[in-house]
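Undergrad: Residue 13 is where the sequence shown starts when you use the numbering used here, and the numbers rise one by one after that.
C-beta atoms are modelled at their ideal positions from N, C-alpha and C, and glycine is treated no differently.
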Amino acid sequence: MTSIEIFDVKDTLAPEFEKYKQGMVNASESLKEAYEIFNSVSFATKEDWKKETEQNGDIVYSKNIKYGKLFTLSSELPLDCETVFKDNWTGIENLSQWNPNYAFSHSFKTLTDHADLIHYGNNDMMVVKGRDFVVGRMWRKIGDAFFLSGRSFETPDIPESKNNVRAVLHLGAGRFQPHPSDPTKCKVDFIMCLDFKGWIPSKVINAVMGKMMIQDAEVNKKRCEQMRDAKNA
């Protein structure tokens, strides 16, 4: 049986999930990489990041890494950290119902309590037609923060369809932390590096990623407001 231990937690695959081993391996590697990025000095200062776009206080930055261009956005959400994280981890089936960036979103396999496999697709964005992704995800709680990260992998169980181009998520992650002065709020940092596949000019990719991440921030705030109000009703 395949076992992976990182950040003092061990994930072990059941025999029936051994064929999805690469999905868990990719997820664990992305989690380690994301943790290093989130905790780097340059991430905090943005000294080697470029500002791509800004709206309502939300700023998208980018920098080049070995896979391509990495984008990041930091935001403050009006809901406690644990609830926000759990919604991101367990709410994949409902994601496309409230986030217009997604055409569909499905939980494919739950591998362990901390690892799963998902399949989702983006709606058309500007001139970029919809893409779909097959991703292994993993999470850990480290200190008072939750880290959730994912990376693409291949499996014949989810073949590419004619309706979408199969794109590659090199690194997609979120860090969810309690607000330092208000525990009813959450500080969230997102990073994302992907390959849309196909020939797309870099200026278009920058514009699409900036718009997509800003829209994600807006709809996440609205959803957290609704969840907060329902919780307090």
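1) Across the segment 46 to 60 and the segment 164 to 172, are there enough close Cβ pairs to call them in contact, namely three or more that are closer than 8 angstroms?
2) One question on the structure: do D128 and S119 come within less than 8 angstroms of each other, judged by their Cβ atoms?
3) State the Cα-Cα distance for the pair N239 and Y132, rounded to the nearest angstrom.
4) Quick one: Cα of D201 to Cα of N232, how far?
5) Nearest-angstrom Cα distance between L89 and C236?
6) Give me the residue from D156, W151 and A115 with the minimum Cα distance to D136.
7) From M28 to F97, what distance separates their C-alpha atoms?
8) Return yes when the Cβ of T124 is within less than 8 angstroms of the Cβ of D23, no when it is not.
9) Are the segment 221 to 231 and the segment 70 to 77 touching, with three or more C-beta to C-beta distances below 8 angstroms?
10) Got a sec, what are the start and stop residues for the alpha helix (DSSP H) M2 sits in?
11) Can you tell me the Cα-Cα spacing of G142 and V180, whole angstroms?
12) Going by the CB atoms, is the gap between L43 and F145 shorter than 8 angstroms?
13) Among C198, G80, R187 and N244, which residue has its Cα nearest to the Cα of F208?
14) Using DSSP with H/G/I as helix, E/B as strand and the rest coil, what is N106?
15) Three-state secondary structure (DSSP) at L43?
16) Compute the Euclidean distance between the alpha carbons of F83 and I203, then round it to the nearest angstrom.
17) Can you list, in chain order, the residues of its chain whose CB lies under 6 angstroms from that of T14, leaving out five sequence neighbours each side?
18) Can you check which of these residues, K63, Q189, K197 and L91, is closest to R152 by C-alpha distance?
19) Please go through the same chain and pick out, in chain order, the residues whose beta-carbon is closer than 6 angstroms to the beta-carbon of K191, but skip the five residues on each side of it.
20) To the nearest angstrom, how far is the alpha carbon of K121 from that of A39?
21) Look at the alpha carbon of M150 and the alpha carbon of P195, and state the distance between them as a whole number of angstroms.
22) Which residues in the same chain as W101 place their Cβ atom closer than 7 angstroms to its Cβ, once the five residues preceding and following it in sequence are excluded?
23) Does D241 pass the burial test, meaning 16 or more other C-beta atoms within 10 Å, or should it be called exposed?
24) Check each candidate in W110, N218, E45 and D156 and name the one with the smallest Cα separation from E64.
TA: Taking the structure as given:
1) They do not touch, by the three-pair rule.
2) Along the sequence shown, read from residue 1 onward, the residue named residue 128 stands at position 116. Along the sequence shown, read from residue 1 onward, the residue named residue 119 stands at position 107. In this structure, S119 lies closer than 8 angstroms to D128 by Cβ.
3) The residue you call residue 239 lines up with position 227 of the sequence shown. The residue you call residue 132 lines up with position 120 of the sequence shown. What sits at residue 239 in the sequence shown is Met, not Asn. The straight-line gap separating the alpha-carbon atoms of M239 and Y132 is approximately 23 angstroms.
4) Here the question's residue 201 lines up with position 189 in the sequence shown. Here the question's residue 232 lines up with position 220 in the sequence shown. One alpha carbon belongs to D201, the other to N232, and they sit about 12 angstroms apart.
5) The count along the sequence shown starts at 1 and reaches residue 89 at position 77. The count along the sequence shown starts at 1 and reaches residue 236 at position 224. Here the alpha carbons of C236 and L89 stand approximately 7 angstroms from one another.
6) As a first step, residue 136 must be located in the sequence shown, where it is residue number 124. Closest option to D136, Cα to Cα, is A115.
7) For this step, residue 28 is matched to residue 16 along the sequence shown. For this step, residue 97 is matched to residue 85 along the sequence shown. At residue 28 the sequence reads Glu, which differs from the Met that was named. If you draw a straight line from the Cα of E28 to the Cα of F97, it is about 28 angstroms long.
8) Taking the sequence shown and counting its residues from 1, the one referred to as residue 23 is at position 11. Taking the sequence shown and counting its residues from 1, the one referred to as residue 124 is at position 112. In contact: D23 and T124 (Cβ atoms closer than 8 angstroms).
9) Result yes; three or more Cβ-Cβ pairs closer than 8 angstroms.
10) An answer regarding residue 2 cannot be provided, because it is not within the stretch 13 to 245 covered by the chain.
11) Taking the first residue of the sequence shown as position 1, residue 142 is located at position 130. Taking the first residue of the sequence shown as position 1, residue 180 is located at position 168. When rounded, the separation of the alpha-carbon atoms in G142 and V180 is 13 angstroms.
12) Sequence index remark: in the sequence shown, residue 145 carries index 133 (1-based). Sequence index remark: in the sequence shown, residue 43 carries index 31 (1-based). Going by C-beta atoms, F145 is not nearer than 8 angstroms to L43.
13) Locating residue 208 in the sequence shown gives position 196, where the first residue counts as 1. F208 has its Cα closest to that of G80, out of C198, G80, R187 and N244.
14) The residue labelled residue 106 in the question sits at position 94 within the sequence shown. Collapsing the DSSP output to three states places N106 in a helix.
15) Here residue 43 refers to the residue found at position 31 when the sequence shown is read from its first residue. Reduced to three states, the DSSP call for L43 is helix.
16) Start at 1 with the first residue of the sequence shown, and residue 83 comes out as number 71. Start at 1 with the first residue of the sequence shown, and residue 203 comes out as number 191. Within the model, the alpha-carbon separation for F83 versus I203 is close to 6 angstroms.
17) In the sequence shown, residue 14 corresponds to position 2, counting from 1. Closer than 6 angstroms at Cβ, skipping near neighbours: L25 and K33.
18) Locating residue 152 in the sequence shown gives position 140, counting from the first residue. Among K63, Q189, K197 and L91, the Cα nearest to that of R152 is on Q189.
19) As a first step, residue 191 must be located in the sequence shown, where it is residue number 179. Here residue 191 turns out to be His, not Lys, going by the sequence shown. Non-local beta-carbon contacts of H191 in its own chain, meaning distances under 6 angstroms to residues more than five positions away in sequence, involve K197 and K199 in chain order.
20) As a first step, residue 121 is located in the sequence shown; it is residue number 109 there, counting from the start. As a first step, residue 39 is located in the sequence shown; it is residue number 27 there, counting from the start. Cα to Cα, the separation comes out at about 13 angstroms.
21) Mapped onto the sequence shown, residue 150 falls at position 138. Mapped onto the sequence shown, residue 195 falls at position 183. P195 has its alpha-carbon roughly 25 angstroms from the corresponding atom of M150.
22) Here residue 101 is taken as the residue at index 89 of the sequence shown, counted from 1. Cβ-Cβ distances below 7 angstroms link W101 to W151 and L160 in the same chain, with the five nearest sequence neighbours on each side left out; the list follows chain order.
23) One-based indexing of the sequence shown puts residue 241 at position 229. D241 counts as exposed, since fewer than 16 other beta carbons sit within 10 angstroms of its beta carbon.
24) On the sequence shown, residue 64 is found 52 positions in, with the first residue counted as 1. For E64, the nearest C-alpha among the options comes from N218.
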